[in-house]
């Protein structure tokens, strides 16, 4: 079965998504509605195990190539798994498993939960598909599956705010995906192939010709903007705060942990693999700095906890772009390590916000206060997450940010590094404000009776907090996790050779 | 939704079997002629939607109700995934052909493709119908 | 032949114009549809060939020697498959967007994007 | 010990040192409590709200004005950029097109 692991990692969530309505109907007939939740949770954990089973082979340096239907690479669709794919797939699978556990209690007050779980599984299948595929049009299709399901998830509660956020996200996101489709079309017209490895070789040949065809920069631009919408680079970030604020917290956690990770992956894969984009590293650095500064400054004045977290999410994306933009081995390593850490503590913070919303009913910072006495565990976990995201030493955020700073100094960009350090301090500032408003200070009258969040919600938060601390104290562990991915980003020829050689 | 005049109702009733047959024809001959699962599924769904327009919500629900549409949707999806998994179980790869090819030009030929088209057809028809039902439900203001 | 590409570009531009200028969510969704249709026209035009035949293998074409002739005459089938996939995706997008627009109208009483701005800052 | 380019960072040692520091600080706090017992008068604990009677539950720092000095330092940003996040979909779409053009120019310059 290990040989089939790449396709099974996509099929398991897809199959679970199709099966969820049936399971739900059957479970309702027999009076055990919870069976549906257990089913989804089991599927997510099975997917995690399948992804993990690929790890030893990939870390040995192999590129797993899976030929769909037995058709060999340039003609058929292939799934190709190297270090970068594996890292992202591991992040997604773990995040989705934890969110499936978290949703059991968090979403119990909503109706139509079988649709929620179906959409959750479809988002997962889309993310997995984007991550594991080696075919550019297949990537687009899975990207659309992921996007459309996430639009529906944002609008899931159908309140005024979620519907407004949903339609904004939907229209901006659809414009972005149409850019991606246009770019794929141009690429097919120029080169006549859709396989990423094949395309990489052929575009390399075209780039060698002088003068460069006008179409190559246009394609790269359309890809960068299309994926940039998903990761909320600054001129394209406007949908994100609305969507994160209005969506249920579990969905916000999913969006910040899984779909943005996938966006970064797709951007890296396409711009580095297809275009060898070391040349546009400077652009990534500038966009990263702008993203970082605007996200941080906007977060400073927010009144809503989830909106604050959303803007800080934009800010963290800036660090990743910055690290990747340096283009050195250490920069990419730092960027990818920050991608991993960002998924960990962002999901943790959104889960804490969800616990507060679940118990109090609001995420408006002005109406909260003094919750530290009532919810001590949630408060501790939130503080762990907040310190980690601000890059305070014993937590994981420090390790990755430090790597990015060192990479910046080595790449000869001291000003960028200085701005990054200042923004890190600003991050701590606005998280201190959030902590102060929520857990410290005077307690309003109506919050006296608030209790600690239930255990099934605390468990995934605890797991993530433990990861925060462990990766902070033993950063070499995280570095070992990230190094194969960094090697894969830099080793373009190896990927092309392995995929094309599989035929 | 109320329904329409006698003319529309009669024509809709008379057209329904032919539309359904045409949809089924397109799906079954997907591997031989232009068309296939998606196109045939849309025609199938449009047959039911014609009834919906002519007779109102009740007329369509009498043929296919929302629960049946949802189950058919899941069924179509599962046919697709199972056809893929058959490749793993029997052959060597996902979506590998497992059924015999047959002779060119026959309806039952081309290996997996007819089954595959059938799955797509069921799924598309059910999905489009579900979309229509859902939108009508929102429009009618009966939801929640 | 190049008329296809001109019309595709016009449709694409028209779609973007629609998205930017129109003051109605439903019209913006229509603009999105027009934009995507422009893309589809572009994609399908890429695979077209003057005087080509449909890429369907029939009985005589499988005899030896005829396959190469068929390959030389047939249009490229891949863009057709891609366009079909993209149309399916577009159907999903449209359905979701329109149902969201219905909800928007119910909650806000308007479809003007300049009035649907309770989430901001 | 692990190397991060120039200089080194030993995470375990650093964490141990920090925990040690926290322990010392806590001991100092305990010790100081023993000698100086805080006994504020009831007048000092009362909040002065311009003569208004304010219950302690209603005291809350306004979260938007929390960092007003930083707001003043970045005044142009909060004057020009923040109000542009106006919630209007058309504006946001315009940003996307503007971003496309900016990125296009940047890529053209880089790949030339």
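Chains as they are written, first to last, in the numbering used here: chain D, -6 to 496; chain U, 129 to 272; chain Z, 697 to 817; chain G, 499 to 610. Built from N, CA and C at the ideal position, the CB exists for glycine as well.
Taking the beta carbon of residue 520 of chain G as the centre, do at least 16 other beta carbons fall within 10 Å, making it buried, or is it exposed?
exposed
Select from the segment 126 to 137 of chain D all residues with a C-beta closer than 7 Å to any C-beta belonging to chain Z, and list them in chain order.
130, 134 and 137
Is residue 732 of chain Z closer than 9 Å to residue 786 of chain Z when the C-beta atoms are compared?
yes
Under the rule that 16 or more other beta-carbon atoms within 10 Å means buried, what is residue 0 of chain D, buried or exposed?
buried
Specify, as a first and last residue, the run of the alpha helix (DSSP H) that residue 175 of chain U falls within.
165 to 191
For residue 394 of chain D, the three-state DSSP class (helix, strand or coil)
helix
Cβ pair residue 215 of chain D, residue 261 of chain D closer than 9 Å
no
Buried or exposed for residue 245 of chain U, please, with buried defined as at least 16 other CB atoms from any protein chain shown within 10 angstroms of its CB.
buried
Closer than 9 Å between beta carbons: that is the criterion. Which residues of the segment 15 to 33 of chain D meet it against chain U?
15 and 18
Short-range partners of chain Z found in the segment 229 to 243 of chain D, where Cβ spacing is below 8 Å
234, 235, 238 and 239
Please return the same chain residues whose Cβ sits closer than 8 Å to the Cβ of residue 161 of chain D, not counting the five positions on each side in sequence.
231, 232, 235 and 236
Ordered list of beta strand (DSSP E) runs contained in the segment 71 to 107 of chain D, each at least 3 residues:
71 to 74
For residue 785 of chain Z, would you say it is in contact with chain G, using Cβ-to-Cβ distances shorter than 9 Å as the test?
no
Is the beta carbon of residue 803 of chain Z closer than 9 Å to that of residue 157 of chain D?
yes
Interfacial residues, the segment 256 to 268 of chain U to chain Z, with Cβ spacing under 7 Å
259, 262, 263, 266 and 267
With a CB to CB cut of under 7 Å and the five nearest residues on each side skipped, what residues in its chain are close to residue 175 of chain U?
144, 147, 148 and 151
I'd like to know if the segment 241 to 256 of chain U and the segment 698 to 707 of chain Z are in contact, where contact means that at least 3 CB-CB pairs between them fall below 8 Å.
no
Which same chain residues, not among the five before or five after residue 483 of chain D, have their C-beta less than 8 Å away from its C-beta?
322 and 325
How many angstroms separate the CA atom of residue 389 of chain D from the CA atom of residue 319 of chain D?
21 Å
C-beta neighbour in chain Z for residue 534 of chain G, strict 9 Å
no
Counting only Cβ-Cβ distances shorter than 7 Å, please list the residues of the segment 144 to 168 of chain D near chain Z, keeping chain order.
144, 145, 148, 151, 153, 154, 156, 157, 158, 159, 160, 163, 164, 167 and 168
Based on the DSSP output, what are the partners of residue 59 of chain D in its beta bridges?
D:72
Could you run through the segment 169 to 186 of chain D and flag, in chain order, every residue whose CB is less than 9 Å away from some CB of chain Z?
170, 171, 174, 175, 177, 178, 179, 181, 182 and 185
So which of Z:792, Z:734, Z:751 and Z:782 has the shortest CA-CA distance to residue 768 of chain Z?
Z:751
On the CB-based measure, 16 or more other CB atoms within 10 Å of its CB, does residue 241 of chain D come out buried or exposed?
buried
Which value, in whole angstroms, describes the spacing of the CA atoms of residue 220 of chain U and residue 491 of chain D?
20 Å
Relative to the C-alpha of residue 205 of chain U, which residue among D:423, D:10 and D:397 is closest?
D:10
Using beta carbons (cut-off 9 Å, strictly below), is residue 12 of chain D in contact with chain U?
yes
Can you list the residues of chain D that residue 590 of chain G reaches, using a CB-CB cut of under 8 Å?
161, 165, 231 and 232
Under 7 Å Cβ-Cβ, which residues of chain Z neighbour residue 166 of chain U?
780 and 784
Could you check if residue 284 of chain D is buried or exposed, using at least 16 other CB atoms within 10 Å of its CB as the buried criterion?
buried
Looking at C-beta atoms only, is the number of pairs between the segment 280 to 294 of chain D and the segment 430 to 446 of chain D that lie closer than 8 Å three or more?
no
Under the rule that 16 or more other beta-carbon atoms within 10 Å means buried, what is residue 198 of chain U, buried or exposed?
buried
Close-in-space but distant-in-sequence residues of the same chain around residue 264 of chain D (CB under 8 Å, 5 per side omitted):
213, 216, 217, 270 and 273
In three-state DSSP terms, what is residue 473 of chain D?
helix
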